[in-house]
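Everything on this sheet refers to the single structure shown next.
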Amino acid sequence: DQQVKQNSPSLSVQEGRISILNCDYTNSMFDYFLWYKKYPAEGPTFLISISSIKDKNEDGRFTVFLNKSAKHLSLHIVPSQPGDSAVYFCAASVGAGNMLTFGGGTRLMVKP
Amino acid sequence: GAVVSQHPSWVICKSGTSVKIECRSLDFQATTMFWYRQFPKQSLMLMATSNEGSKATYEQGVEKDKFLINHASLTLSTLTVTSAHPEDSSFYICSAPSGDRGREFFGPGTRLTVL
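Residue numbers (my numbering), protein chains in the order written: chain S, -4 to 107; chain A, -2 to 112.
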């Protein structure tokens, strides 16, 4: 069974608005969470991470929120730009630097 | 949801030996699979694209004679690390595109330790 799930296969957002990408996990041992951005024919590029001791981490336009009780994390992109259009993967690990478990990805399309 | 498995989940081998890692799509067919290597600081490097019925496509800098890829069927791709060295120790992760809007399903990874 998938331990990390991204239930929305795709998301379409207008340029300048907020994009919210969601991710759920089932393994309570996960304590480190990451978001990656991926273009076709390339490997995922690391975006932002969060440790379970925090509930929010911000880096420029990207903010990741973690709700441990709900086993849910989200990535907010504000403001969204057309260049943000890509597939976004969330991932989790037990301890930073350990093997990653990935969600299936969400395709974000930001319309000009 | 679609599931991709990898076997083994971890392996320890001696320097100079070869190690085979299997990647299987369990409930869907995958004409293409990807092999990644996970580096420190969570960077993920695409090593190669495995193509069923044809040769794998390797990324620049990846030695195809060292990392042998065989896409034996629509549900199985294998990565063989030949003449392994300690610097090959890493996590190796495979994935298969789902055909749905660019989504991929990742395997659970294989931890390779070369002594």
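We treat Cβ as the ideally placed atom computed from N, Cα and C, and that holds for glycine.
Check: Own chain residues within Cβ distance below 6 Å of Ala93(A), not counting five before or after; Outcome: Val1, Ser22, Ala27, Met30 and Phe102
Check: Where Pro94(A) falls: helix, strand or coil (DSSP); Outcome: strand
Check: Cutoff 6 Å; reference Ser47(A); Cβ partners in own chain excluding five residues on either side; Outcome: Met30, Ala53, Ile66, His68 and Ser74
Check: Within 8 Å, strictly: CB atoms of Val115(A) and Leu109(A); Outcome: Since the first residue of chain A shown is -2 and the last is 112, residue 115(A) is not available in this structure.
Check: Within 9 Å of chain A by C-beta, residues of the region 38 to 49 of chain S in sequence order; Outcome: Gly38, Pro39, Thr40, Phe41 and Ser44
Check: Asp54(S), DSSP secondary structure in three states; Outcome: strand
Check: Backbone secondary structure at Asp19(S) - three-state DSSP; Outcome: strand
Check: Beta-carbon gap between Lys51(S) and Leu42(S) smaller than 8 Å; Outcome: no
Check: Option nearest Asn17(S) by Cα separation, candidates Ala86(S), Leu95(S), Gly92(S) and Gly55(S); Outcome: Ala86(S)
Check: Distance, Gln57(A) Cα to Ser51(A) Cα; Outcome: 19 Å
Check: Nonlocal neighbours in the same chain, by C-beta distance under 8 Å from Cys10(A), ignoring five residues either side; Outcome: Val16, Ala81, Leu109, Thr110, Val111 and Leu112
Check: Cβ-Cβ distance between Val105(S) and Glu37(S) below 8 Å; Outcome: no
Check: Helix, strand or coil at Glu84(A) [DSSP, three-state]; Outcome: helix
Check: Status (buried if at least 16 other CB within 10 Å, exposed otherwise) for Asp54(S); Outcome: exposed
Check: Separation of Ser14(S) from Val8(S), as counted between CA atoms; Outcome: 6 Å
Check: Minimum Cβ-Cβ distance from Thr96(S) to chain A less than 8 Å; Outcome: yes
Check: Listed by chain order, chain S residues near Pro37(A) by CB distance under 9 Å; Outcome: Gly92
Check: Backbone CA spacing between Val(-1)(S) and Ile18(A) [nearest angstrom]; Outcome: 22 Å
Check: Cα-Cα separation, Asp19(S) to Ser46(S); Outcome: 15 Å
Check: Pairwise C-alpha distance: Gly96(A) and Asp24(A); Outcome: 13 Å
Check: Proximal residues of chain S, C-beta to C-beta of Tyr33(A) below 9 Å; Outcome: Gly38 and Pro39
Check: For Val1(A), the first and last residue of its enclosing beta strand (DSSP E); Outcome: Val1 to His4
Check: Minimum C-alpha distance to Asp85(A) - residue among Thr72(A), Gln39(A), Gly13(A) and Arg98(A); Outcome: Gly13(A)
Check: For Gln39(A), the three-state DSSP class (helix, strand or coil); Outcome: helix
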